[in-house]
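**Q** To start, I am sharing the structure in question, which I have written as structure tokens.
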């Protein structure tokens, strides 16, 4: 029988049990203190009126009553707020446990989801349930902390007031039920609109980030993009407001039900109490006490209703969070370990068909290509031919829709993803420099960095002298996000740093996916040839639109939208006089005119 999953509330409580049981104890003490605290303002009017209407009241008697009230009420009020503020940081820690799980999931799930805007639109509100102190996971913890004292206080006051008149209690309950129903109806309507809200919120966030990201500063000013950014920003804000207005209009229409029941409740309260004073002779002191008690009960019932509806609303998004954490998004993969040692990979694409999720056109269709172990392959094609897609499929970032990719005769899907990634040292055209030190960027680690190896690869890519000139050398922080004095490399230097990262990592197969696009043709050729010497004995794949940088490869594969178009060595393809020949001759003329011999 399939095991029934725990509810999200139970899982949140289990999280307390696992990480901080003291929260339960603090909640118990908070509940007792919170029940005692309102007794003082409820009792004060009766005590004071009884004293004033009694025998020989004097000023000192009044002073002592007021002082006793303020001392008692102040003490318990202080304890109540202190317990809450002492407990809230502990709840922050409980939320951070889920943040850690969420980040781990995002970093380990299949890469295809990272390129899907639809995926993030569907889950944006779930992600936001861990992003704040006031909503989602931590917001629910705050409300659950309040629930025991609210329930007990309402029970005590209900019995007290019900003994005087059950009709007052019924009117209060009707009003609270109506308020709760309206809140839940609005919350459910808002939940239905979550994808539209998330979409516009994500886009607003993007344009907001672009406006303050100094990486875009030059382009925005030189190409006068500010009006375009502002127009798009305002358009997305309007879209968000339009969806939000629909929600608020629904809330406004339903609020008339609350207004009607509140009016009935007030009429019942004051009407019945007045009747008890005039007809039954209830003392004015008791009248004032019941008024405060009813007012307190109304507030507590409203708080309870709001807390419950809040928990129910936020729980919808927390459920989505747990669904995200529980579902298999590709991190539960094969069992095989990586190919050990420096054994080069034998690679085969066997009738592979692939299209990107939520698109209509195949990038590859029945595509086959074999790369023997230790071979140097140049992959050539026009933009959009599928060169980078080839790399994404080979490294396991995407999975073919049909066909197989074999590494040393084993289907790529049988390998553990973490082990599979270790087999490739890849350098992509889009270089991502992180706000870590230079050494950490190269080693991709915060611990156990081999600084001798870092120096070695920096020399190999021609960055050693530049780095040594920096005050902190390889321990210099990159970018100016964390450290205002951080180093900012040029585009070409950033690509060299990425190549150094790949050299440091090693692997059974090295891939150069046009990482030298920011360099001139001569510099690219020199780096490719030096990189080739450094990776002897490994299977190597070089992608470049500059054909002069592919001459040293064993074979050259030209691909287009239909698959493999030409295949052979440089000399063989030149003799064929086909597409490669035309591209090489055309580029050769350009390089010769520019002073670079092809």
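Residue numbers (our numbering): 11 to 608. From the three backbone atoms N, C-alpha and C, an ideal C-beta is built for every residue, glycine too.
1. DSSP three-state call for residue 27: helix, strand or coil?
2. If the criterion is Cβ atoms closer than 7 Å, does the pair residue 611 and residue 180 meet it?
3. Ordered along the chain, which non-local residues of its own chain (more than five positions away) have a Cβ less than 8 Å from that of residue 312?
4. Take the Cβ of residue 546 as the centre, count every other Cβ of all protein chains shown within 10 Å, and call the residue buried at 16 or more, exposed below.
5. By the three-class DSSP mapping on this structure, what secondary structure does residue 591 have?
6. Identify, in the order they occur along the chain, each residue of the same chain with its Cβ nearer than 8 Å to the Cβ of residue 477, setting aside the five sequence neighbours on each side.
7. Return the first residue and the last residue of the beta strand (DSSP E) that residue 181 is part of.
8. Judging by CA-CA distance, which residue of 107, 49, 44, 432 is the nearest neighbour of residue 28?
9. Along the chain, where does the beta strand (DSSP E) that runs through residue 330 open and close?
10. For residue 210, is the classification buried or exposed, using 16 other Cβ atoms within 10 angstroms of its Cβ as the cut-off for buried?
11. Could you compute how far the alpha carbon of residue 278 sits from the alpha carbon of residue 258?
12. Is the CB-CB distance between residue 346 and residue 431 below 7 Å?
13. Classify residue 173 as buried or exposed, calling it buried when 16 or more other Cβ atoms lie within 10 Å of its own Cβ.
14. Along the chain, where does the alpha helix (DSSP H) that runs through residue 412 open and close?
15. Tell me where the alpha helix (DSSP H) around residue 118 begins and ends.
16. Residue 412 to residue 368, Cα distance in whole Å?
17. Beta-carbon separation of residue 464 and residue 506 under 7 Å?
18. Tell me whether residue 200 counts as near the ligand PLP, meaning its Cβ is closer than 6 Å to at least one heavy atom of that ligand.
19. Under 7 Å between the Cβ atoms of residue 273 and residue 300?
20. Excluding the five sequence neighbours on either side, which residues of its own chain have a C-beta within less than 6 Å of the C-beta of residue 11, listed in chain order?
21. At what residue ranges does the region 336–404 contain a whole run of the alpha helix (DSSP H), taking only runs of 4 or more?
22. What's the call for residue 38, buried or exposed, on a 16-neighbour Cβ count within 10 Å?
23. Grab me the residues of residue 131's own chain with a C-beta within less than 8 Å of its C-beta, minus the 5 sequence neighbours each way, in chain order.
24. Residue 234 to residue 220, Cα distance in whole Å?
25. Contact defined as beta carbons within less than 8 Å: I believe residue 385 pairs with residue 109. What is the distance between those atoms, to the nearest angstrom?
26. How far does the alpha helix (DSSP H) with residue 263 in it extend, from its first residue to its last?
27. Would you decide whether residue 592 is buried or exposed? Buried here means 16 or more other CB atoms lie within 10 Å of its CB.
28. Are there 16 or more other CB atoms within 10 angstroms of the CB of residue 40, so buried, or fewer, so exposed?
29. Considering only the beta carbon of each residue, do residue 553 and residue 523 sit closer than 7 Å?
30. So, using beta-carbon positions, are residue 521 and residue 401 closer together than 7 Å?
31. For residue 563, tell me which candidate among 539, 238, 572, 73 has the shortest Cα-Cα distance.
32. Tell me the start and end of each unbroken beta strand (DSSP E) in the region 426–511 that is at least 3 residues and wholly inside, in chain order.
33. Strictly by DSSP, which residues pair up with residue 520?
34. State the CB to CB distance for the pair residue 395 and residue 551, rounded to an integer number of angstroms; the pair is presumed to be in contact (CB under 8 Å).
35. Would residue 293 be called buried (16 or more neighbouring beta carbons within 10 Å of its own) or exposed?
36. Could you tell me the distance, in whole angstroms, from the CA atom of residue 517 to the CA atom of residue 452?
**A** Checking against the coordinates, here is how it stands:
1. It is helical.
2. The first residue shown for the chain is 11 and the last is 608, placing residue 611 beyond what the model contains.
3. Cβ neighbours of residue 312 within its own chain (closer than 8 Å, five residues either side excluded): 186, 189.
4. Flag for residue 546 reads exposed.
5. Per DSSP, reduced to three states, the secondary structure at residue 591 is helical.
6. Apart from the 5 residues on each side of it in sequence, residue 477 sits with its Cβ closer than 8 Å to the Cβ of 448, 468, 483, 484, 486 in its chain, given in chain order.
7. Note, residue 181: premise wrong, no beta strand (DSSP E); alpha helix (DSSP H) at 176–202.
8. When each option's Cα is compared against that of residue 28, the closest is 107.
9. No beta strand (DSSP E) holds residue 330; the alpha helix (DSSP H) holding it covers 294–336.
10. Classification for residue 210: buried.
11. If I take the Cα positions, the gap works out to 30 Å.
12. No; because the gap between Cβ atoms is not below 7 Å, this pair is not in contact.
13. The residue is exposed, with fewer than 16 neighbouring Cβ atoms inside 10 Å.
14. Element bounds for residue 412: not the alpha helix (DSSP H) but the beta strand (DSSP E), 412–417.
15. First-last of the alpha helix (DSSP H) with residue 118: 69–118.
16. Their Cα atoms are separated by approximately 16 Å.
17. Between residue 464 and residue 506, the C-beta gap is not smaller than 7 Å, which leaves the two residues out of contact.
18. With respect to the ligand PLP, the structure shown offers nothing to examine, as it has no ligands at all.
19. Not a contact, by the Cβ cut-off of 7 Å.
20. Low per-residue confidence applies at residue 11: pLDDT is 43, beneath 50, and the placement is therefore not dependable enough to give any value.
21. Taking only runs of at least 4 residues, the alpha helix (DSSP H) segments lying wholly in the region 336–404 are 397–404.
22. Exposed, by the Cβ-count rule.
23. Excluding residues within five positions, the ones whose Cβ falls inside 8 Å are 205, 208, 209, 212.
24. When rounded, the distance between both Cα atoms is 14 Å.
25. At roughly 45 Å, the Cβ-Cβ gap does not stay under 8 Å, so residue 385 and residue 109 are not in contact.
26. Counting along the chain, the alpha helix (DSSP H) containing residue 263 begins and ends at 236–288.
27. Note on residue 592: under 16 other CB atoms within 10 angstroms of its CB, so exposed under the neighbour-count rule.
28. Flag for residue 40 reads buried.
29. By the CB criterion at 7 Å, residue 553 and residue 523 fall inside the cutoff.
30. In this structure, residue 401 lies closer than 7 Å to residue 521 by Cβ.
31. The residue among 539, 238, 572, 73 with its C-alpha nearest the C-alpha of residue 563 is 539.
32. Counting only runs that start and end inside the region 426–511, the beta strand (DSSP E) elements of at least 3 residues fall at 434–438.
33. 435, 550, per the DSSP bridge assignment.
34. Rounded, the Cβ-Cβ distance is 15 Å, inconsistent with contact.
35. By the Cβ-count criterion, residue 293 is exposed, with fewer than 16 other Cβ atoms from all chains shown falling within 10 Å of its own Cβ.
36. Roughly 14 Å separates the two Cα atoms.
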